[in-house]
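As structure tokens, the structure follows; a few thoughts come after it.
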Amino acid sequence: MVHAIECRSNAIHGRGPELGSYPLGDNNIVNSSSNEVTLQQENGQPLDTESEVRDTPVPPAIPFYTECSEAAQAQLFNECEEQFAQLEMLQNEIILAEPDSDENPQEQSVNRLTAVAAELKQWQTRRPELLSTNPEVLLVVGAEELQKLNSQLELVLSCSQAKRDTLRETLKSEQKWLEEKKEVLRAGTEHVVKQRLENERLSEHSVLQDTKKKIQKMKDYQNRLMETLADVLAEHFPLPTQETNADKKKKNIPQELNENLISLNEILELLMNTTLETPHDPYISIDETFWPPYTEMLLRHGIAQRHPEDCFKIRLETFY
């Protein structure tokens, strides 16, 4: 009945019916297709791809009919008058059928609820009918419905394209991240396999032999260092001889030569061995076999240091 009132008002003002005034039979099909597109978008189902959208032929433009002829308007006006008269008659019947005010409000609410439920059930089982059979009126209403549906579909298309572009960018970043993680996993797997094969190849005996080889190599290296040190000391720090003693006598420097003097190499070797063998007491006593210039040189250059309580004892300086 509301549709009849709207049609009557539109006919009086000389306008076509408003959008959605008539429940057209073909309109149900159009609305169902629109609902399917909306349902696909809500469920996150992918719409057509870009190529499909681009290759889809554009439908021809729908002519927009805004006005009907005078005959169609007159027919529509008569139909609206009939519907309005029927509406007034039904309204009067409803007023006459209203219950008395003395009835309990709770019972009124229950009766009203029962009536509304029955009316809802009736509307659900009732098939929509056309209020007008004029093809010109139906054409105008259908054109308006198609225009509205077209604008809605264009909006859905633009939104779906924007969402598709965003999902493509996300997919690219996720694929790049996945490739990086695959590379890390591949490198880690190769390293684990390599270490496993190496552990299987090495046995206790091979580890022992390898350790012995390393120890022997370090001993050889130590011997070479000691030989090189001995050669350097023998060349640059020799023991005093009679010739050097005679030169000092010419300079009026009295100097007595002890035949039991030990070389600088032997002094250093004695200091190192004492430090390693008795680290709790690394001092050695200075006697007449130590040539004083060598002892003073070691003390002066920080290679050795004296005992804090006994000046005739020295030890190797701590270098660590």
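Residue 1 is where the sequence shown starts when you use UniProt numbering, and the numbers rise one by one after that. Glycine included, each C-beta is placed from N, C-alpha and C at the ideal position.
Between Tyr283 and His307, the C-beta gap is smaller than 8 Å, which places the two residues in contact. In this model, Glu129 and Met89 are separated by some 20 Å (Cα to Cα). Sixteen is the threshold: when 16 or more other Cβ atoms of the shown chains lie within 10 Å of the Cβ of Gln73, as they do, the residue is buried.
Unbroken alpha helix (DSSP H) runs of no fewer than 4 residues, entirely contained in the stretch 263-306, are found at 264-277, 292-300, following chain order. Lys313 is bridged by DSSP to Ser285. Counting of Cβ neighbours within 10 angstroms places Ser109 among the exposed residues, the total staying below 16. Going by DSSP, Thr241 is part of no alpha helix (DSSP H) at all; its letter is neither H nor E.
In terms of CA proximity to Pro135, Cys68 leads the group Cys68, Ile286, Leu276.
Around Gln86, the same chain offers no residue with a beta carbon nearer than 6 Å, after the five sequence neighbours per side are excluded.
Taking a C-beta distance under 8 Å as the contact criterion, Leu261 and Arg315 do not qualify as a contact pair. Around the CB of Trp123, fewer than 16 other CB atoms lie within 10 Å, so the residue is classed as exposed. Burial check for Phe290: the Cβ neighbour count within 10 Å reaches 16 or more, so the residue is buried. Residue state for Asn260 is assigned as coil, using DSSP reduced to three classes.
Rounded to whole angstroms, Glu235 and Glu227 show a C-alpha spacing of 12 Å.
Membership of Thr170 in the alpha helix (DSSP H) is indicated by the continuous run 135-201.
Collapsing the DSSP output to three states places Glu227 in a helix.
Nearest to Ser132 by alpha-carbon distance, out of Glu79, Pro238, Val140, Met218, is Glu79. Of the candidates Leu298, Thr278, Glu269, the residue whose Cα lies closest to the Cα of Leu225 is Glu269. Boundaries of the alpha helix (DSSP H) harbouring Thr125: 105-125, taken from the DSSP string. When Val137, Pro292, Leu276 are compared, the shortest CA-CA separation from Glu317 is found for Leu276.
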